[in-house]
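Worksheet for the structure shown next.
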Amino acid sequence: MADPGMDIMLYWTPGHTGIPGNKRVDRETKMVAEGEDTSMGGLPFLRKLLKMSKAMVLATHKAQWQKEAEDRI
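Letter by letter, the sequence shown follows residues 23 to 95 of the numbering used here.
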């Protein structure tokens, strides 16, 4: 994906260094990435959250569209 005039730079930053619980999150993340089950199994899957988010956006859009249609009448 080359785009003339566009440079992409990546930088590493120690964002969670010294944060309590960070080591546990790192372990859990590694386990999930390797396909293992974790003790944090009760967390919702991103797919479910995205589906809920999409439904909320569509419902809000529909309500706004209906209100605008009623205002025109």
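Each residue gets a CB set at the ideal place from its N, CA and C atoms; glycine is no exception.
Bear in mind the structure is a predicted one, so any value in this text is a computation, not a measurement.
Simplified DSSP assignment, three categories, for residue i
{"i": "residue 32", "result": "coil"}
{"i": "residue 58", "result": "coil"}
{"i": "residue 38", "result": "coil"}
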